[in-house]
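Asker: Here's a structure for you.
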Amino acid sequence: MSIEKFAPSYDILKERVEKIKAALPEAFEDGKINFATLKESLGEFVEGENEETEHYAFTWPGKKQARRLAAKPPQGTLIPCKGDGVNEDTTGNVFIEGDNLEVLKLLQKSYKGKIKMIYIDPPYNTGNDFIYNDNFTQPLDEYLKLTKQIDEEGNPLVANTRTDGRFHSKWLNMMLPRLILARNLLRDDGLMFISIDDNECENLKKLCNEVFGEENFEGHIHWRRRHNQPNDPTKMIGIVAEHILAYAKDKPFYKQAGVGKIALTGDFSNPDNDPRGDWASKPWKTGSDQSGTTYKIKTPTGKIYNEEWMGEEATFKKLLDDNRIIFPNNGDGSPRKKYFKSEREAEGQCATNWWPSDQFGHNQGANSIMEDLMGRKNVFSNPKPPELIKNLMSIANCKKGDIVLDYFAGSCTTFHSAKLYDEDIKTILIQIPEPIDAENRDQATGYEFCKSHRLPTNIAEIGKERIRRTIKRIISDAGRKNLAGKDLGFKAFRLEKTHFASWRDYNGANIDELMSLFSKQENTLVDKWKEENLLLEITLQEGFPLSSTKAKVLTIKDNIVWKVSSTDCEHSIFVCLDSNIKHKTIETLTLTGKDIFICLDNAVSDEDKIRLSDKGLIKTI
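Using the numbering used here, the letters of the sequence shown map in sequence onto residues 33 to 653.
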């Protein structure tokens, strides 16, 4: 086979460039795009350059930098947080503590095109909350300042006040690169849902139209987030609703794969003791904006209705014989069709764009759920109710084994919702460890909770604790229900700097300093790296998911060789990070098909590298 040098690489734009190259190969010279030729190839589809030509554009200060930021390679990696999770060796659920921009980049190789649904509840830009203040040159440093992993003072979360001259621009610059990266992760039949309020709803829709394409807009849900009526004398219109924008990755593909439905609604009962169980009913007569078939129907009392009906007469007679037609008002009313609670899969309802609080939950109910789980009030301010996100999963048509991503995880309602919807839905949750302040009235209870449970005082810790308690509650509520084999667990990871040394630019004139810099680059890895952590970075670099199985190869005795495998990957990788690989190990090592062996470059001689290459693809660090 061959020997390659293992090098960190996250080419986020590679797929897009390859698609352009496949469609317009003439626009490429020496592997680069010739934009003059590209414009000629596109002909009339290129916008004219006449200064007097006007066209629609949605732009703001910093947009180009924000777009470039999405393509900038990540500078960090993830390391495992053993002991923070539950059932860590068997679970496919993941919680990641870190800046979501950097983490989304790290997930590109392993999860690109694999996420069924993304739900986020980002900062609403109300003028009081905090937003990510992304550094366009060194984004990871901003995160490391927050988590005190580097000495310099700093904080990537800043108040975005309305008096700021770029109030909306800052928020849009924060959202754009994260949406671009999120779209890459969606399956072709995947959907994205975004909660927002009135402050940025208009701008968010324009932004999503640009990222996803206006043709992939699925709808604008209005959710009544509070069940009581506000009476604020300072406002003309009391705010009772929030917005959820829904976008498909590929609308036709999603519809072909199957549009999900919400649970049937209605006043279910069984007054006629139908053996099929509780039922509700809906009119057989068509609505004012529907078309149907016209014929006469005679009620049990002899009344004649000559209307336009939902189905043909033959269909009506079959339903009547099957006891699926009722006539209300003691047999005198217009016919209605029964639908049974047990037939949810076949008779579920299409979602509408108005989601009332009695069916889809409300803030007060969500607060009560949190209080019940956590043992005190206001540990987290106004979380989303599980009923809301459960129904989003339903219309996204999530199935067993599908992955749901939430990269503004907050209190981790998304995990709770997923496990109530189907215990085998997999979740990936990302949350920055935003510090919580004892002096802040809205955060004081959360601070006290973390202190009393000996947890670090940040939002990520509240989320992880909520997950642990949710798992315990589901198990305790199950009673005799068999949960064997169900995925009630999670693994925890944390964002840190990469293990691979990076080149530092030098602008000085001191030869000794420059030579010292060169000598440091001789070591590919940073000092004091840990095997388990480096193994995880290699796993991500090779495109294996965080739920991959890692096991020592027991047939090899003279070195520690790890085998990394996943049902999502056709091959396995074998990794040995020992400083010296024995001859016996090389003899025993067996690679099949596309398997890869990865080791330290200085751990094997040139002669042994040749022997290894005879077994398959070898990469050296």
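Idealized CB from N, CA, C, for every residue including glycine. Values in this document were obtained by computation on a predicted structure and should not be read as measured data.
#1: Can you give the Cα-Cα distance for I427 and F60, rounded to whole angstroms?
#2: List the endpoints of the continuous alpha helix (DSSP H) containing F67.
#3: In chain order, which continuous runs of the alpha helix (DSSP H) of length 4 or greater are located wholly inside the segment 396–451?
#4: Please go through the same chain and pick out, in chain order, the residues whose beta-carbon is closer than 7 Å to the beta-carbon of K51, but skip the five residues on each side of it.
#5: Is the segment 450–468 touching the segment 115–135 in the sense that three or more CB pairs, one from each, lie closer than 8 Å?
#6: DSSP puts M149 in a beta bridge; with which residues?
#7: Would you list, in sequence order, the uninterrupted beta strand (DSSP E) runs of no fewer than 3 residues that lie entirely inside the segment 260–297?
#8: What residue ranges within the segment 453–517 form continuous beta strand (DSSP E) runs of no fewer than 3 residues, ordered along the chain?
#9: Identify, in the order they occur along the chain, each residue of the same chain with its Cβ nearer than 6 Å to the Cβ of S488, setting aside the five sequence neighbours on each side.
#10: Given a threshold of 16 other Cβ atoms within 10 Å of its Cβ, counted over all protein chains shown, does S34 qualify as buried or as exposed?
#11: I need the DSSP call for L239, collapsed to helix, strand or coil.
#12: Bridge partners for Y327 per DSSP, in chain order?
#13: Using a threshold of 9 Å, state whether the C-beta atoms of A583 and G495 are closer than that.
#14: Where does the unbroken beta strand (DSSP E) through P21 begin, and where does it stop?
#15: Per DSSP, what kind of secondary structure is F392 in: helix, strand or coil?
#16: Going by other Cβ atoms of all chains shown within 10 Å of its Cβ, with 16 needed for buried, is M268 buried or exposed?
#17: Have a look at the DSSP bridge pairing and note the partners of P332.
#18: Would you call the segment 445–455 and the segment 296–312 in contact, with 3 or more CB pairs under 8 Å?
#19: CB-CB under 8 Å to H200, same chain, minus the five flanking residues each way: which ones, in chain order?
#20: Is the beta carbon of K238 less than 9 Å from the beta carbon of F90?
#21: Helix, strand or coil, according to DSSP, for W203 in the structure here?
#22: C382: buried (16+ other C-beta within 10 angstroms of its C-beta) or exposed?
#23: Using only the alpha-carbon positions, how far apart do Y143 and Y151 sit?
#24: Is Y88 buried or exposed, if buried means 16 or more other CB atoms sit within 10 Å of its CB?
#25: In chain order, what residues of the same chain have a beta carbon less than 8 Å from the beta carbon of F285, not counting five sequence neighbours either side?
#26: Distance, Cα to Cα, T622 vs S41?
#27: In its own chain, which residues sit with a C-beta less than 8 Å from the C-beta of H615, not counting the 5 before and 5 after it?
#28: Compute the Euclidean distance between the alpha carbons of P209 and R99, then round it to the nearest angstrom.
#29: Give the straight-line distance between the Cα atoms of L578 and E47, rounded to the nearest whole angstrom.
#30: For a test of the three-state rule: what should DSSP assign to Y42, helix, strand or coil?
#31: Between the Cα of M149 and those of G292, V593, A55 and D559, spot the shortest distance and give me the residue it belongs to.
#32: Considering Cα atoms alone, identify which of I499, F532, E528 and G511 is closest to L520.
#33: Which residue marks the beginning of the alpha helix (DSSP H) containing E619, and which one marks its end?
#34: Would you call the CB atoms of L568 and K141 closer than 9 Å?
#35: Under three-state DSSP, which class holds F348?
#36: Spell out whether any CB of chain C is found under 9 Å from the CB atom of F447.
Answerer: Once the coordinates are examined:
#1: Stepping through the sequence shown from its first residue, residue 427 is reached at position 395. Stepping through the sequence shown from its first residue, residue 60 is reached at position 28. Using only the alpha carbons, I get a separation of about 42 Å.
#2: The count along the sequence shown starts at 1 and reaches residue 67 at position 35. Note, F67: alpha helix (DSSP H), F67 to L74.
#3: 418–427, all fully within the segment 396–451.
#4: Taking the first residue of the sequence shown as position 1, residue 51 is located at position 19. Hits under 7 Å: none found.
#5: Verdict: yes, contact present.
#6: Here the question's residue 149 lines up with position 117 in the sequence shown. Residue pairing of M149 in beta bridges, as defined by DSSP: L223 and V436.
#7: At a cut-off of 3 residues, the continuous stretches assigned as beta strand (DSSP E) that sit fully inside the segment 260–297 are 273–280.
#8: Entirely contained in the segment 453–517, the beta strand (DSSP E) runs reaching 3 residues are, in chain order, 458–463.
#9: Indexing the sequence shown from 1 puts residue 488 at position 456. Checking the displayed sequence, the identity of residue 488 turns out to be Pro instead of Ser. Answer for P488: no residue qualifies.
#10: As a first step, residue 34 must be located in the sequence shown, where it is residue number 2. Classification for S34: exposed.
#11: In the sequence shown, residue 239 corresponds to position 207, counting from 1. DSSP places L239 in helix when its eight states are reduced to three.
#12: Translated into positions along the sequence shown, residue 327 becomes position 295. E339.
#13: Taking the first residue of the sequence shown as 1, we reach residue 583 at position 551. Taking the first residue of the sequence shown as 1, we reach residue 495 at position 463. At a Cβ-Cβ threshold of 9 Å, A583 and G495 do not count as neighbours.
#14: Residue 21 lies beyond the stretch modelled for the chain, which goes from 33 to 653, so this question has no answer here.
#15: For the purposes of this step, residue 392 is identified with residue 360 of the sequence shown, where counting begins at 1. It is helical.
#16: Taking the first residue of the sequence shown as 1, we reach residue 268 at position 236. When all chains shown are included, M268 counts as exposed.
#17: As a first step, residue 332 must be located in the sequence shown, where it is residue number 300. By DSSP's assignment, P332 forms no beta bridge with any residue.
#18: Two segments are said to touch when three or more pairs of C-beta atoms, one from each, lie closer than 8 Å; by this definition the segment 445–455 does not touch the segment 296–312.
#19: Numbered from its first residue, the sequence shown carries residue 200 at position 168. The beta carbon of H200 sits closer than 8 Å to those of W92, N157, E232 and N235, all from its chain and outside the five residues before and after it, given in chain order.
#20: Counted from its first residue, the sequence shown places residue 238 at position 206. Counted from its first residue, the sequence shown places residue 90 at position 58. Yes.
#21: On the sequence shown, residue 203 is found 171 positions in, with the first residue counted as 1. W203 falls in the helix class under three-state DSSP.
#22: Here residue 382 is taken as the residue at index 350 of the sequence shown, counted from 1. Note on C382: under 16 other CB atoms within 10 angstroms of its CB, so exposed under the neighbour-count rule.
#23: Along the sequence shown, read from residue 1 onward, the residue named residue 143 stands at position 111. Along the sequence shown, read from residue 1 onward, the residue named residue 151 stands at position 119. Rounded to the nearest angstrom, the two C-alpha atoms are 16 Å apart.
#24: Position 56 of the sequence shown, counted from the start, is the residue given in the question as residue 88. Y88 comes out exposed.
#25: Numbered from its first residue, the sequence shown carries residue 285 at position 253. Within the same chain, and ignoring the five residues on either side of F285 in sequence, the residues whose Cβ sits closer than 8 Å to its Cβ are D220 and D221.
#26: Counting from one through the sequence shown, the residue named residue 622 turns up at place 590. Counting from one through the sequence shown, the residue named residue 41 turns up at place 9. Between T622 and S41, the C-alpha separation is close to 27 Å.
#27: The residue labelled residue 615 in the question sits at position 583 within the sequence shown. Around H615: D640.
#28: As a position in the sequence shown, residue 209 is number 177, starting the count at 1. As a position in the sequence shown, residue 99 is number 67, starting the count at 1. In a straight line, the C-alpha of P209 is about 6 Å away from that of R99.
#29: Taking the sequence shown and counting its residues from 1, the one referred to as residue 578 is at position 546. Taking the sequence shown and counting its residues from 1, the one referred to as residue 47 is at position 15. A direct Cα-Cα distance of roughly 22 Å separates L578 from E47.
#30: Walking along the sequence shown from the start, residue 42 turns up at place 10. Y42 falls in the coil class under three-state DSSP.
#31: Translated into the one-based positions of the sequence shown, residue 149 becomes position 117. Nearest of G292, V593, A55 and D559 to M149, Cα basis: G292.
#32: Your numbering for residue 520 matches position 488 in the sequence shown. Checked all of I499, F532, E528 and G511; the closest Cα to L520 is I499.
#33: The residue you call residue 619 lines up with position 587 of the sequence shown. For E619, the uninterrupted alpha helix (DSSP H) segment begins and ends at H615 to T620.
#34: In the sequence shown, residue 568 corresponds to position 536, counting from 1. In the sequence shown, residue 141 corresponds to position 109, counting from 1. No.
#35: The residue labelled residue 348 in the question sits at position 316 within the sequence shown. DSSP, reduced to helix, strand and coil, places F348 within a helical segment of the structure shown.
#36: No chain C is present in this structure, which holds just one protein chain.
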